[in-house]
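**Q** Below: one structure in structure tokens.
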Amino acid sequence: MQTQFSMPRISPHFLILLFLIASLLLAGCSRPEVTPPNVELASSAYLDALQTGDLKQVDKLFFIPLHWRYKQKLYQQFSQDHEQISQKKLTLRMLSSKQAGRWGISIIESNQAGEINLIPHWFFYYDNQWQFVSPLIFKTKTVRSMLDLYREQKALRLWYDTETARLNPSSSLDYKKILTQ
126 MQTQFSMPRI
136 SPHFLILLFL
146 IASLLLAGCS
156 RPEVTPPNVE
166 LASSAYLDAL
176 QTGDLKQVDK
186 LFFIPLHWRY
196 KQKLYQQFSQ
206 DHEQISQKKL
216 TLRMLSSKQA
226 GRWGISIIES
236 NQAGEINLIP
246 HWFFYYDNQW
256 QFVSPLIFKT
266 KTVRSMLDLY
276 REQKALRLWY
286 DTETARLNPS
296 SSLDYKKILT
306 Q
């Protein structure tokens, strides 16, 4: 006697269910694009604070390490920039860009002759908010180590852009090269 083996019949409902489960698994495993809220709001608030000289907004907009708070250096730089803006010796230009799901803002200083300062004002996005990093504290060990930490955790959204230089946020940061330009 010969026994016949027949293939079990697969119902179309089972195939549809299998397809739905597979697509949900693929969609659930993909990383969603991070879109920080209020990009323009953060940058315009910073520009307004600089133009009006409102020091109350400094604590909201600036990332200030504790030892810099005691020295008041950022407040002095903020006041100096405000004074130059009010005397029309300094103009600020805002660039906002998006690349590979990362947003960034840089505010570039230029003097009356139109020369561009190659150390822009930095904004970076972490803890669900934009933070401003002054060029004064960007060179410090505290800020460098913090930026390294957030970059390693892939929670840092950083952007630097001028007409002459561009740093891709997904590339590694070479601080010495950036700060000596």
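For the sequence shown, our numbering begins at 126 and goes up steadily by one.
Glycine included, C-beta positions come from ideal geometry on N, C-alpha and C.
1) With respect to 8 Å, is the separation between the Cβ of Ile-146 and the closest non-hydrogen atom of the ligand NAP below this value?
2) Alpha carbon to alpha carbon, what distance is there between Leu-145 and Phe-139?
3) Would Tyr-200 pass as a contact of Leu-172 if the rule is Cβ separation under 9 Å?
4) Would you mind working out which of Lys-196, Ile-135 and Ala-174 sits nearest His-207, comparing C-alpha positions?
5) How many Å lie between Ser-169 and Ser-148 at the Cα?
6) Taking 9 Å as the threshold (C-beta atoms), are Gln-176 and Ile-210 in contact?
7) Output the distance between the C-alpha atoms of Lys-279 and Pro-137, rounded to the nearest integer angstrom.
8) Can you grab the Cα-Cα spacing for the pair Ile-141 / Asp-184, in whole Å?
9) Arg-227 by DSSP, collapsed to three states: which one?
**A** On the basis of the data shown:
1) Although the ligand NAP was asked about, the structure shown includes no ligands whatsoever.
2) Reading the sequence shown from its first residue, position 14 is the one you call residue 139. Reading the sequence shown from its first residue, position 20 is the one you call residue 145. Cα-Cα distance, rounded: 10 Å.
3) Position 75 of the sequence shown, counting from 1, holds the residue named residue 200. Position 47 of the sequence shown, counting from 1, holds the residue named residue 172. Result no, Cβ atoms of Tyr-200 and Leu-172 do not sit closer than 9 Å.
4) Residue numbering aside, residue 207 sits at position 82 when the sequence shown is read from its first letter. When each option's Cα is compared against that of His-207, the closest is Ala-174.
5) In the sequence shown, the residue the question calls residue 169 occupies position 44. In the sequence shown, the residue the question calls residue 148 occupies position 23. Rounded to whole angstroms, Ser-169 to Ser-148 spans 41 Å at the Cα level.
6) On the sequence shown, residue 210 is found 85 positions in, with the first residue counted as 1. On the sequence shown, residue 176 is found 51 positions in, with the first residue counted as 1. Yes, they are a contact pair.
7) Here the question's residue 279 lines up with position 154 in the sequence shown. Here the question's residue 137 lines up with position 12 in the sequence shown. Unreliable positioning characterises Lys-279 in this predicted model, as indicated by a pLDDT of 45, which lies under 50. The coordinate reading is nonetheless provided below. Approximately 43 Å, taken between the alpha carbons.
8) Numbered from 1 along the sequence shown, position 16 holds the residue referred to as residue 141. Numbered from 1 along the sequence shown, position 59 holds the residue referred to as residue 184. Rounded to whole angstroms, Ile-141 to Asp-184 spans 55 Å at the Cα level.
9) Reading the sequence shown from its first residue, position 102 is the one you call residue 227. With a pLDDT of 44 at Arg-227, under the threshold of 50, the modelled position of that residue is not reliable, and the figure given next carries that caveat. Of the three classes helix, strand and coil, the one that applies to Arg-227 here is strand, per DSSP.
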